[in-house]
Each structure stands twice: as C-alpha cells, then as structure tokens.
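Chains A and B, in that order, are what the protein sequence lines are.
With the UniProt record's numbering, letter number 393 in the first sequence gets 393, and the count goes up by one each step, no holes.
With the UniProt record's numbering, letter number 113 in the second sequence gets 113, and the count goes up by one each step, no holes.
The beta-carbon is built from N, C-alpha and C at its ideal position, and this holds for glycine as well.
Have a look at the structure below before the remarks.
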Amino acid sequence: MTNPSTPSDSVTPRRAADIVNASLKRRYAKERRFRLIGAAAVGLGLTFVLLLFGDIISKGYTAFQQTYIQLPVTLSEDLIDPEGTRDPMTLARADYMTPIRQSLRQFFPEVKDRRTRRQLNSIISVGAPQLLGEEVVADPALVGTTHEYWILVDDDIDMLVKGYIDRNAPESDRRVNDQVIGWIDRLEQEGRVAKRFNTIFFTHGTSREPELAGIAGALMGSFYTLILALTLSFPIGVGAALYLEEFAPKNRWTDLIEVNINNLAAVPSIVFGLLGLAVFIGFFGVPRSTPLVAALVLTLMTLPIIIISSRAALKSVPPSIREAALGVGASPLQTQFHHVLPLAMPGMLTGTILGMAHALGETAPLLMIGMIAFIVDVPGGFTDPATVLPVQIFLWADSPERGFVERTSAAIMVLLAFLFLMNLAAVLLRRRFERRW
Amino acid sequence: MSTVVEVMEKTTGAMSSAELAGEQHSRATVGDFTVADARMACREVEVWYGPKKAINGVSLDIGKNEVLSMIGPSGCGKSTFLRCLNRMNDTIDGCRVTGSILLDGQDIYDKSLDPVPLRARVGMVFQKPNPFPKSIYENVAYGPKIHGLTNNRAELDALVESSLRKAGLWDEVKDRLDQAGTGLSGGQQQRLCIARTIAVSPEVILMDEPCSALDPIATAIVEELIDELRSQYSIAIVTHSMQQAARVSQRTAYFHLGDLIEIGETNDIFTSPKHRLTEDYITGRFG
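Now the structure itself:
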C-alpha cells in the first residue's frame with residue numbers, strides 16, 4: 001500500500017481520515033436538524049395541549065361559583081305551615097316563592113305595574129324556593145322567623161354578574177335589560193350580591209335551568225357503569241388472556257381468535273353501541289338508558305384492550321419462572337396462579353386501568369343505547385335510568401343557554417381530572433410493582 | 001414458548017455440524033449403558049419435535065448415588081434427553097417421546113402417571129439460576145408447601161434449614177431469609193435453586209449446565225456440592241465443560257447428533273475413548 005507503484009483501489013488511511021473529517025460537518029448538521037425537528041414537534045404538541053387546557057379552564061372556572069342575592073325572607077307560619085304540624089311533607093310542599101318575592105319587592109318599592117313586577121321576579125331562579133324549602137325542612141324552627149337567606153338567582157343574572165353579558169350592547173341584543181341591570185347594581189351596592197361556591201354543580205342532576213344543573217347524576221352514572229364494567233371485563237379479560245397465552249394449544253383456531261381479538265380492538269366504538277342495542281336491549285331486554293346496559297357495551301369494547309395488554313404482560317414473564325415452578329412439581333394451574341399471574345399483574349392492571357379510562361371517556365356507543373336521555377334524578381343503582389359524564393358534556397355543549405357554556409367546560413375539567421387520576425394510578429402501579437428477575 | 005425456538009435452533013445447528021464431522025461412523029452406542037441397581041432406566045428413547053427427530057434411540061441407566069454427566073457438542077440432544085427424564089418436554093408443543101423411561105421400575109410416560117408428582121421425585125436445576133422473585137425462605141418452602149410435606153410451621157422451618165444446609169447456603173443466608181432470592185449473587189442463586197429442588201426430597205436431580213452462568217469460584221462451590229449430594233441422590237448433569245464432567249461424575253455419556261455414542265466410566269472416557277467421535281470431541285477437534 002505504501003509502495004506507489006502498486007495499483008491500489010483502497011484509500012490510504014490518511015485520505016480516509018480526510019474524507020471522514022469532510023463529511024463530519026454534514027453528519028452533525030443532519031443530527032442537529034433532526035433534533036430540532038423533534039423538539040419542534042414536541043413543542044407544537046405541548047402548545048396545543050396548553051391551548052386546550054387554557055381554553056377549557058378559562059371558560060370553565062367560573063362555573064364553580066354561582067351568584068346569590070341575600071334577602072331577608074320572612075317565613076310566616078300562616079303561609080308555610082298553617083296547621084302548625086311541622087310535618088316535613090307540608091314544609092317541603094309549601095309556597096316559598098311568595099315570601100322571596102315579597103322580600104325582593106321591599107327593596108324596590110317603586111315597582112308597581114304587573115310587567116315590571118314580573119321582570120323583578122325573573123331575577124329569582126325558579127329553583128330558589130325548592131332550595132329554601134330544603135333548608136326549612138332541615139331546620140323547622142325557621143318557620144315564623146325572618147332571616148337573611150342567600151337566594152339563588154336566574155342564570156341570566158348570574159351571567160351578568162360574572163361579566164359575560166356586555167352592558168354596552170344595544171338593549172334589544174341583551175338577555176337582561178337596563179332596568180334589571182339597574183336593580184342588580186343597586187343590590188350590589190348594598191352588598192347583597194355575592195358569588196359563592198357552586199355546591200349545586202356537584203350535588204344536583206342535570207336541569208333545563210343552567211343554575212340548577214349539576215354533574216352529580218352523570219358522575220354517579222359513570223361510577224356505576226365503570227364499576228360494573230370493571231367487575232365484568234377484568235376477570236373475563238385476564239381469564240381469556242391466561243387461557244390463550246398459557247393453556248390453549250397453538251393451532252389455526254387460536255390464531256384465528258387472536259386475529260379477531262386484535263381486530264375487535266380497532267372496531268369503531270359506535271359499532272359496539274349498535275351491537276348493544278340489537279343484542280342486549282333488543283334481544284335480551286336489558287332496560288335501556290341504564291348503567292347495566294352501558295357497562296355491558298363498554299365491557300365488550302374494553303375486553304380486547306385488556307386481553308391484549310394481559311397477554312403482553314404474561315409474555316413478559318420469563319419462561320424460567322414457569323420452568324422453576326413446574327420443576328418443583330407445581331401443577332400448571334399452580335404455576336400460573338402462584339408465580340406467573342402475580343408477576344404479570346401490574347401489567348394487567350395497567351392495561352385494565354387504561355381500558356377503563358378509555359371507557360370513561362366513551363360517548364358514541366352510549367348514545368345508541370339511550371344514555372342520551374334527559375335524566376334529572378341522580379341514579380341510585382345499576383338499573384336506574386342514568387347518563388354518563390361525556391354524554392352529559394355532549395348534551396350541555398348542545399344547549400343554547402349561556403350558562404351551559406361554562407358548565408360544559410367545568411364538566412370537562414372534572415372528566416379530565418378523573419382520567420388524569422386513573423392514568424396516574426396506572427403509572428404508579430407500574431412503578432410500584434415493577435419487579436426484576 | 002421461547003424454549004421451542006431454542007431447542008429447534010439447537011437441532012438445526014446440529015445438522016450443519018454433521019457435515020463438519022465428515023465421515024460417517026457407526027452410531028451404535030459403545031460401552032455398557034446399564035448399571036447394577038438403576039434408579040432410572042431408559043430404553044430406546046426417541047424424541048421428536050414435530051417432524052424432526054432430536055433423539056435417536058438412546059438407552060441409558062442412571063444408578064443410585066452416582067453422578068452421570070452428559071457431554072457433547074451443541075445441539076447433540078443432551079438437554080433434550082435430560083428434559084425427558086422429568087417430562088419437562090411435555091410443556092413444549094409438538095414434542096413427542098417414544099421408548100420407555102423407568103423410574104424405580106415404573107414407566108414415567110405411562111398414561112396413568114401424573115407428571116406433577118413425578119417432577120417432585122425427579123427435581124431439576126436449570127442453566128440460568130431462576131429463583132422465584134420471592135424471599136429466600138419462600139423459594140425453598142414453596143415445593144414442600146404445595147405438596148403438603150410438612151404439617152406445621154416448625155416442621156417447614158426445619159425443612160427449609162436442612163435444605164439450605166445441604167445446599168451449603170445456610171450460613172450465608174440464615175440472617176436474611178426474608179430477603180428476595182433474586183438479590184443473591186449468581187452462585188448463591190444457583191445453590192438456592194438446588195436447595196429448592198432438594199426441599200421436596202427428590203430421588204433424582206437433573207442439572208442442565210448448572211454452572212454455565214457462574215464464575216469459577218461459584219462453580220467450584222457448586223461442584224463440591226454436587227459431589228456431596230451424590231450420597232443421597234442420583235444426579236444427571238449436562239455440561240459443556242469436559243473438566244467439570246471429569247471432576248464431578250463417575251460415569252460419562254457422550255452424545256452426538258441425537259445419538260448416544262459412548263458411555264463408560266468417566267476415567268475411561270477421558271483417557272481412552274473408544275469411539276472416534278468421542279476422541280475427536282474430548283481432544284478438542286470439534287465441539
């Protein structure tokens with residue numbers, strides 16, 4: 001090679017080093033570009049996530065407060081409980097609207113004619129008397145006394161106080177006219193208007209009136225649905241995975257089953273809804289709109305996910321553990337339940353939690369099985385009519401009232417919080433039970 | 001199911017080394033494969049993985065209180081043969097065993113025989129130490145527990161201690177029985193696996209290259225242990241190390257491409273092999 005007379009098709013070491021050095025710059029530039037693109041992609045993703053959260057939170061945080069006006073209401077015994085029995089039924093059914101309106105009118109003595117008076121009355125929410133009644137039932141001693149009560153206002157007034165109604169817009173374009181604005185301003189000057197924590201949002205079912213609408217019904221519906229879906233899908237999914245992975249013979253049939261399970265995981269969820277409608281409701285007569293039928297549909301939907309993740313978890317258990325157990329004379333079932341399953345459990349649980357989180361956010365299939373019905377009552381069991389959180393969000397997002405805009409965002413925040421908690425649980429489980437062998 | 005792949009690879013690997021071996025030799029076993037009081041007696045054992053024959057008519061006895069070592073090039077079927085002796089091959093799909101293997105005169109492949117108690121009688125120590133990811137105590141106590149060998153906690157404690165003592169591990173772990181078995185060193189783990197095996201009082205212990213993952217010092221300790229265990233158990237050991245075979249065993253069997261080529265006293269095999277293939281192997285011409 002050092003001999004110049006020898007024809008050589010290979011480069012001398014010296015020249016090779018030069019070539020390498022020359023290309024080095026290009027190679028590093030390529031790497032820098034790649035890193036930059038990666039960082040840009042991550043940045044873009046983060047930006048959109050932040051935009052999403054920013055939008056939802058900025059729109060929704062006001063829903064956690066609700067406007068009330070403080071009024072001295074006189075609950076005369078003649079009106080509330082003329083017979084003096086203090087019977088809870090009587091107290092609950094009594095007319096509380098009249099004393100509230102009387103109290104409000106005292107602040108505005110100039111209001112005389114019927115039209116203006118009706119407008120004044122519209123400040124009070126239609127649900128205010130019921131809330132007052134609940135207070136009185138809890139404490140019957142209030143009858144016959146005058147107390148300052150925080151009275152729930154109509155959603156239009158709530159929006160006005162929260163600043164969502166533009167006071168400079170022409171009066172005809174506003175939901176609240178100048179006169180009402182004037183009254184509210186006067187009440188505000190007297191310190192009788194306040195935004196208080198919105199307990200109604202967490203304790204009531206949905207309602208046509210935004211100020212009375214809450215997510216309790218949807219939350220309970222989601223809770224019952226998920227609990228049932230979990231108790232159905234976890235054992236079935238883990239059992240199926242265990243059988244397919246560890247016991248079933250490997251042949252054409254099990255291959256076919258495996259392909260089908262993988263396909264089912266990719267089937268659009270609305271198809272499961274149609275299946276649920278046809279099979280569970282149509283054929284088996286399961287009552288529609290109930291957590292029971294929703295759980296059955298969601299079980300079908302999450303089973304493939306759980307089976308696939310459970311099989312992956314079982315596959316990750318080293319075969320040496322199985323051999324060790326079989327080698328000391330454990331039966332195949334003992335081998336699985338004493339050694340393989342405990343080691344695979346974190347992976348299985350992670351898959352199940354993620355599947356459940358998926359189910360919690362699922363809307364489309366539930367629309368098919370009647371979960372979209374307008375249900376005011378908070379469900380008390382698996383066969384009560386119910387709706388679920390994502391469907392509730394869908395319904396509210398569809399409502400024209402301004403008050404539902406913030407409630408939609410607030411409900412999304414609650415849903416996201418639950419999803420976040422579930423994913424966190426999955427991560428913690430994985431960390432906690434990660435074992436080395 | 002990675003075991004299938006491993007074993008399949010071993011067998012396919014054997015095909016190419018067959019050509020390397022070149023000239024054909026008689027495949028009939030050289031030497032006397034019987035012993036006077038056999039614990040296990042194998043006759044004309046053939047093993048098939050699907051259409052592929054991995055073991056070709058092997059007959060071999062394992063005597064009481066002896067260490068039998070099996071040597072041979074990779075893929076010669078020695079591990080496959082070993083795994084037949086406690087029916088571990090049952091767990092591999094498509095594996096078929098013919099011929100007869102008798103344990104104390106009873107055919108272990110008899111349809112009426114349950115492989116689960118068989119594996120308690122014929123224990124196995126694997127190539128890679130594989131303690132359960134549980135405490136040291138649990139590792140040893142697991143076998144006796146599932147078989148119900150002890151009646152109470154005190155008996156179990158005693159059994160765990162005696163097993164660990166026999167495996168020469170007691171002094172090293174007696175203060176940390178509740179710690180994870182996987183936290184021990186490689187050699188300690190392998191001795192823990194041996195303790196786990198002898199805790200169920202087997203008659204035969206099969207060892208599949210028990211020292212291949214260990215360093216020389218740990219290997220020496222395990223080899224010493226094997227020699228001690230001989231007084232109570234029959235031991236069949238597969239090894240890649242001819243020195244190890246020479247050190248620990250009384251009889252040695254040389255396998256080649258699924259055939260048992262030669263069997264005899266370890267001394268004779270290593271000093272005066274009768275078969276050409278054996279000689280080539282132990283002199284390091286291939287393998």
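Asked	Found
If you count every other CB in all the chains shown that lies within 10 Å of the CB of leucine 152 of chain A, and 16 or more means buried, which is it?	buried
Is isoleucine 321 of chain A close to chain B? Criterion is C-beta to C-beta, closer than 9 Å.	yes
Measure the CB-CB distance between alanine 397 of chain A and threonine 408 of chain A and report whether it falls below 9 Å.	yes
Less than 9 Å between CB atoms is the rule here; does arginine 196 of chain B satisfy it with respect to chain A?	yes
For the 8 Å Cβ check, are there 3 or more pairs between the region 68-81 of chain A and the region 131-145 of chain A?	yes
Buried or exposed: which applies to glycine 22 of chain B, given that a residue is buried once 16 or more other Cβ atoms fall within 10 Å of its Cβ?	Note that glycine 22 of chain B scores 42 on pLDDT, short of 50, meaning its location in the model is unreliable; the coordinates nonetheless yield the value given after this. Exposed, since its Cβ has fewer than 16 Cβ neighbours within 10 Å.
Applying the criterion that 16 or more other CB atoms from any shown protein chain within 10 Å of the CB defines a buried residue, is glutamate 138 of chain B buried or exposed?	buried
Quick one: what does DSSP say cysteine 76 of chain B is sitting in, helix, strand or coil?	coil
What is the residue span of the alpha helix (DSSP H) that valine 405 of chain A lies within?	403-433
Quick one: which residues of the region 322-336 of chain A get their C-beta closer than 7 Å to a C-beta of chain B? List them in chain order.	Glu323, Ala324, Leu326, Gly327, Val328, Gly329, Ala330, Ser331 and Gln334
Under 9 Å between beta-carbons, which chain B residues line up against histidine 204 of chain A? List them in chain order, please.	Chain B residues near histidine 204 of chain A: none, gap ~50 Å exceeds 9 Å.
Go ahead and pull the three-state DSSP assignment for isoleucine 393 of chain A.	helix
By the 7 Å beta-carbon criterion, what residues does the region 342-376 of chain A contribute toward chain B?	Leu343
Quick one: is phenylalanine 374 of chain A buried, meaning 16 or more other Cβ sit within 10 Å of its Cβ, or exposed?	exposed
Given a threshold of 16 other Cβ atoms within 10 Å of its Cβ, counted over all protein chains shown, does arginine 285 of chain B qualify as buried or as exposed?	exposed
Taking the alpha-carbon of arginine 121 of chain B as reference, which of B/Ala167, B/Asn86 and B/Ser135 has the nearest alpha-carbon?	B/Asn86
Let's see if you can read the secondary structure: which residues bound the beta strand (DSSP E) around threonine 74 of chain A?	65-74
Consult DSSP for residue 444 of chain A and reduce its assignment to one of helix, strand or coil.	Any property of residue 444 of chain A remains undetermined from this structure, which presents chain A solely from 1 to 437.
Whole angstroms is fine: what's the gap from leucine 156 of chain B's alpha carbon to threonine 239 of chain B's?	33 Å
In angstroms with no decimal places, state the Cα-to-Cα distance between residue 288 of chain B and threonine 34 of chain B.	Within the shown structure, residues of chain B are numbered from 1 to 287, placing residue 288 of chain B beyond reach of any answer.
Give the DSSP-derived three-state secondary structure of glycine 133 of chain A in the structure shown.	helix
Could you tell me whether any Cβ in chain A is nearer than 9 Å to the Cβ of isoleucine 71 of chain B?	no
Thinking just about the alpha-carbon of each residue, which of A/Ile369, A/Gly133 and A/Gly45 is nearest to the one in phenylalanine 280 of chain A?	A/Ile369
Would you mind listing the alpha helix (DSSP H) stretches within the region 281-360 of chain A that are 4+ residues and don't spill past its ends, in chain order?	291-315, 319-327 and 341-360
Could you name each continuous beta strand (DSSP E) segment of 3 residues or more that falls completely within the region 69-124 of chain B, going from the start of the chain to the end?	95-103
Name the residue from B/Glu66, B/Pro129 and B/Ile55 whose alpha carbon lies nearest to the alpha carbon of asparagine 89 of chain B.	B/Ile55
Using beta carbons (cut-off 9 Å, strictly below), is alanine 199 of chain B in contact with chain A?	yes
Within 10 Å of its beta-carbon, does phenylalanine 284 of chain A have 16 or more other beta-carbons around it, so buried, or fewer, so exposed?	exposed
If you measure from the beta carbon of proline 235 of chain A to each beta carbon in chain B, is any gap under 9 Å?	no
Which residues in chain A sit within 7 Å of glycine 143 of chain B, going by Cβ to Cβ distance?	Val328 and Gly329
Three or more beta-carbon pairs under 8 Å between the region 303-320 of chain A and the region 206-222 of chain A, yes or no?	no
Whose CA, out of B/Asp215, B/Pro133 and B/Leu149, lies closest to the CA of glutamine 179 of chain B?	B/Pro133
Cysteine 211 of chain B by DSSP, collapsed to three states: which one?	coil
Taking only three categories from DSSP, how would you classify tyrosine 96 of chain A?	coil
If valine 286 of chain A sits next to leucine 296 of chain A, beta carbons under 8 Å apart, how far is it from one beta carbon to the other, in whole angstroms?	7 Å
In the DSSP assignment, find the beta strand (DSSP E) that holds glutamate 190 of chain A and state where it starts and stops.	From DSSP, glutamate 190 of chain A is part of no beta strand (DSSP E); its letter is neither H nor E.
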